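Protein chains: 2
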Amino acid sequence: MHTERLYLYDTTLRDGQQTQGVQFSTAEKIQIAQALDQLGVDYIEGGWPGANPTDSAFFDAAPKTSARLTAFGMTKRSGRSAENDDVLAAVMNADTQAVCLVGKSHDYHVTHALGIPLEENVENIRASVAHVAAQGREALFDAEHFFDGYKDNPGYAIEVCRAALNAGARWVVLCDTNGGALPAEVSRIVSEVIAAGFPGDRLGIHTHNDTENAVACSLAAVNAGARQIQGTLNGLGERCGNANLTALIPTLLLKEPYASQFDIGVSNQALADLTRISRMLDDILNRVPSKQSAYVGASAFAHKAGLHASAILKDPTTYEHVDPASVGNARIIPMSNQAGQSNLRKRLAEAGLTVDQGDPALGHILDRIKLREADGYSYDTAQASFELLARDELGQLPAFFEVKRYKVTVERRKNKYNKMVSLSEAVVVVKVDGEKKLSVSESHDETGNDRGPVNALAKALSKDLGQYSRILDDMHLVDFKVRITQGGTEAVTRVIIDSEDGQGRRWSTVGVSANIVDASFEALLDAIQWKLVRDCGRQSAVAE
Amino acid sequence: MHTERLYLYDTTLRDGQQTQGVQFSTAEKIQIAQALDQLGVDYIEGGWPGANPTDSAFFDAAPKTSARLTAFGMTKRSGRSAENDDVLAAVMNADTQAVCLVGKSHDYHVTHALGIPLEENVENIRASVAHVAAQGREALFDAEHFFDGYKDNPGYAIEVCRAALNAGARWVVLCDTNGGALPAEVSRIVSEVIAAGFPGDRLGIHTHNDTENAVACSLAAVNAGARQIQGTLNGLGERCGNANLTALIPTLLLKEPYASQFDIGVSNQALADLTRISRMLDDILNRVPSKQSAYVGASAFAHKAGLHASAILKDPTTYEHVDPASVGNARIIPMSNQAGQSNLRKRLAEAGLTVDQGDPALGHILDRIKLREADGYSYDTAQASFELLARDELGQLPAFFEVKRYKVTVERRKNKYNKMVSLSEAVVVVKVDGEKKLSVSESHDETGNDRGPVNALAKALSKDLGQYSRILDDMHLVDFKVRITQGGTEAVTRVIIDSEDGQGRRWSTVGVSANIVDASFEALLDAIQWKLVRDCGRQSAVAE
């Protein structure tokens, strides 16, 4: 089959960070870059080095990727050479394979926002792109406000793009910066640009979702001949977000004419990881994943209508446009108790628990989950807590130890240097192997900083658990998420704790209480119990 | 100006109710129908009478509307006449002006899901539509799976539609039931249907958002000649939702070619109510409104990038595709580490703080925000904490009181009934008006349940603040968000607290610490101080 290469340029770490309320840490940026690389995008725009400390730190610590890591910045300012522009220098100093510079292509913005002559703007762009190329880097040019500019003054908008191309830009990216262009306009304008002699395989498209058409505008540009798409995971981005790669990638890979026409960097195997990656990003942002997201939403393959659900059982293609497994998602038939049980058996099998079809325990487990969910628990991500609940119902959960009581104190006062300091202390009383054990811990880390009550509790709890203490040595908390949610008629706190051990296992547990410390303690207990189940085996000694 | 009529058909109350987790009460349906009518849609599909009790109750109690209230149902089944089909009779009995019946137009579904000959399906549709028309009702026909059907067997798909049209259907609605059709396909197929002699002003379009193209597919159909759009408010609907009327309506009214070409039932005045209606629906569903929604999202006109923010201040059209006021929304220029001084002055002005351009305090405030953001703080949403930081830098923050120390204890143990219970207690020591005050509180609510350490601290802190206690009486916590983030090189906890008072004010504050209790206490302190600034005025007595 004859295919053309279509390139994916991810800007989750740059334009995605323009989302209101989003501020990635360096560690989070690294985690996202690695996921993007595994997914198979061609470019990862990491940020604007020099514009803020986190972006600079990310480039210093950037992971090795197959994708081209790209630094973003703006073209040089007037009145200095590209070599002597300190803002541009900071971008170049990030030392990335590719550099993407933004410049203005709308005449109105040149004269009114920059306040410089139109020709001077063209020269700034030319010189900046030439500078990047001369350093042996791949140069990309983001033509800001291209579509609005083209509508007002097509000649100037194209002149700007041609200057960047001739100066050595690998890609000229047509940006709908304000997000107001509609698909039919994008289609017409990209066609005209190509008809004017601009090579389509040097053209990219960058759209925003201000009219809910960012995905469609991207497809329209590709239909018209553009060969690079810029977008973000989960459609993050300034205002209403950028073109959503999480929606675009499956369409390009699974649907015609794209599937036959194009070769993209994402494999079908990597695509099956898309739902997980999308949820991971929401986890990092502590956002509730949108249920209705195309392809990856929890409701994307949920068939609520009775007519749909019964037809689906005969033949899934009757009401599904793609196979949910292709994007790592799953079918949900909420109304059907039968489907509930087969779903449950599948999930239990994933935890290594085989339960026969028709076993009454399945109904009991579903009932307990329903009751708990009404109380504010959520087992979507807390797979380890789900497993413990099921094991308990199946009589496969050893009682390793029993917590008799705990007490945690947080105090804040002036120290002897008259500086306010805080101190957390926890006392935990457990009974293990018939023996009562009292443990006390402070939560100070190596540098003497207080890490808070949950940390103190975790330390005290694992300090002396008799024969089990040794097993918990390689375990530690890696994340902690808190959400206020509804439990019955009251607001309660839901805590999700992610733990990790020396064997590279990572597991999530949940606790719910009106008291945040108590909810944390419950999640902590589950985390420890899951680890003991894994490392002691089922035949382990059972405490009294 | 010569304009054509374009019709809007809302199915929030029917297909919108297919959203996972959505079940409207009759009263809610009435409230939504009234809002839709004020907005100016042409048709309100109220539900399927007879299919569920709430839908039947809604039609019995339906409000008087200018919009045509429409009952939904399916065409008659085989083996009985339209007059003798009890399911169809229940739909007719709702006694609405218009009746919309769904039937199959994909041959595969007729033979495999219905299991009847193709001709029998055509006859069922013909007879059902003729029955509706004969009763003097306006008849609409939803051609289920039309686009998939047309791709497999165009002749049959068109034959079905023509049968409905000839039987008296005012509208034949082409449905992309599975949501898999892409805009270019919809454009081509609708054009071909019209080229085959089908009148465009009798054609409607019904799309789903499974590829995030529902809005674009609707526009593509209109571009090709269809003249009715079916959709829902906020894009509710089965799986990923229906075409989002909240995004489509402003585009049709404000943007070319639609604004000049078409006349729709929604006025510019009604459009200014769109954001309110969208939020009202979220309120009814107890959903957090999506910030990134096109036109109506809280972030839709939020300008985070520093370069954007400074240009916006010169001329809003530089980075806004429409005026936010046109849809009842508002511009936001959040604080972030990418913000510039002009952005900052605007933000300060909103807090009632006038600072001259070039005032060195601006630089100091920006520096402090940058340092704090590097420590894990975020001021995008925590506007009240931002204001306090600025006031402090400007010497406009009275020192109402001083916290000397606090101590909070959480204990969990068995009570006298051998049941595990928890108890939180807080002691706070403050100095106010030169006087030292010790307060202690437990966190139990009215029902005796422990609400946790933050609640105990909040109670103890506001218990005795001398002259200020009275002011804090009408203030309470409404939300509490926690996330782990990076502060320098360490993981820290960021707490955002939303507070509310009796005057309807709502404000957000932020605290950051490795210790979650300490972070909460900081956010709590800010919340109280902001309230005191508002209600004591700047000339208030300043504590020592």
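Chains as they are written, first to last, in our numbering: chain A, 1 to 544; chain B, 1001 to 1544.
Think of the CB as a built atom: it goes at the ideal place given N, C-alpha and C, for glycine as much as any other residue.
Keep in mind the model is a prediction, meaning the values are calculated, not measured.
Cβ-based neighbour list, residue i, same chain, cut-off 8 Å, excluding 5 preceding and 5 following
i, result
"residue 1019 of chain B", "1236, 1237, 1238, 1241"
"residue 478 of chain A", "498, 499, 500, 506"
"residue 1275 of chain B", "1295, 1296, 1327, 1328, 1329"
"residue 97 of chain A", "68, 69, 70, 137, 138"
"residue 263 of chain A", "3, 4, 5, 6"
"residue 212 of chain A", "240"
Close-in-space but distant-in-sequence residues of the same chain around residue i (CB under 6 Å, 5 per side omitted)
i, result
"residue 480 of chain A", "497"
"residue 1294 of chain B", "1247"
"residue 1011 of chain B", "1045, 1230, 1232"
"residue 282 of chain A", "289"
"residue 284 of chain A", "28"
Residue interval of the alpha helix (DSSP H) (run including residue i)
i, result
"residue 1409 of chain B", "Here residue 1409 of chain B belongs to no alpha helix (DSSP H); instead the beta strand (DSSP E) covers 1402-1414."
"residue 48 of chain A", "No alpha helix (DSSP H) holds residue 48 of chain A; DSSP gives it neither H nor E."
"residue 1296 of chain B", "Per DSSP, residue 1296 of chain B belongs to no alpha helix (DSSP H) and is neither H nor E."
"residue 146 of chain A", "146-152"
"residue 355 of chain A", "Per DSSP, residue 355 of chain A belongs to no alpha helix (DSSP H) and is neither H nor E."
"residue 1028 of chain B", "1026-1039"
"residue 460 of chain A", "453-463"
Anticipated Cβ contact below 8 Å, residue i with residue j, distance rounded
i, j, result
"residue 102 of chain A", "residue 50 of chain A", "About 14 Å; that fails the 8 Å criterion."
"residue 173 of chain A", "residue 122 of chain A", "Wrong, their Cβ atoms sit about 17 Å apart, outside the cutoff."
"residue 1410 of chain B", "residue 408 of chain A", "5 Å"
"residue 135 of chain A", "residue 92 of chain A", "6 Å"
"residue 1513 of chain B", "residue 1522 of chain B", "7 Å"
Limits of the beta strand (DSSP E) - the one that residue i falls within
i, result
"residue 1217 of chain B", "Where residue 1217 of chain B is concerned, there is no enclosing beta strand (DSSP E), although the alpha helix (DSSP H) it sits in stretches over 1214-1224."
"residue 1230 of chain B", "1228-1231"
"residue 1493 of chain B", "1490-1501"
"residue 99 of chain A", "98-104"
"residue 1010 of chain B", "1007-1010"
"residue 1205 of chain B", "1203-1206"
Buried/exposed call for residue i, threshold 16 Cβ in 10 Å
i, result
"residue 1417 of chain B", "exposed"
"residue 1005 of chain B", "exposed"
"residue 1529 of chain B", "buried"
"residue 1360 of chain B", "exposed"
"residue 1511 of chain B", "buried"
"residue 1345 of chain B", "buried"
"residue 1180 of chain B", "buried"
"residue 1462 of chain B", "buried"
"residue 1073 of chain B", "buried"
Sequence-distant residues of the same chain with beta carbon closer than 7 Å to residue i, five excluded per side
i, result
"residue 116 of chain A", "78, 110"
"residue 1082 of chain B", "1076, 1088, 1127, 1128, 1131"
"residue 42 of chain A", "7, 8, 9, 67, 68, 265"
"residue 1200 of chain B", "1194, 1225, 1226, 1227"
"residue 254 of chain A", "322, 326"
"residue 1485 of chain B", "1376, 1492, 1494"
"residue 267 of chain A", "40"
C-alpha distance - residue i paired with residue j, whole-angstrom precision
i, j, result
"residue 389 of chain A", "residue 1321 of chain B", "52 Å"
"residue 1156 of chain B", "residue 1210 of chain B", "25 Å"
"residue 371 of chain A", "residue 377 of chain A", "9 Å"
"residue 519 of chain A", "residue 1454 of chain B", "13 Å"
"residue 1099 of chain B", "residue 1067 of chain B", "13 Å"
"residue 169 of chain A", "residue 258 of chain A", "26 Å"
"residue 1534 of chain B", "residue 1456 of chain B", "24 Å"
"residue 234 of chain A", "residue 245 of chain A", "7 Å"
"residue 1063 of chain B", "residue 1033 of chain B", "8 Å"
"residue 152 of chain A", "residue 1470 of chain B", "60 Å"
"residue 1114 of chain B", "residue 299 of chain A", "26 Å"
"residue 60 of chain A", "residue 1437 of chain B", "50 Å"
"residue 450 of chain A", "residue 422 of chain A", "6 Å"
Contact with chain D by residue i, beta-carbon distance below 8 Å
i, result
"residue 1182 of chain B", "Looking for chain D here will not work: the only protein chains present are A and B."
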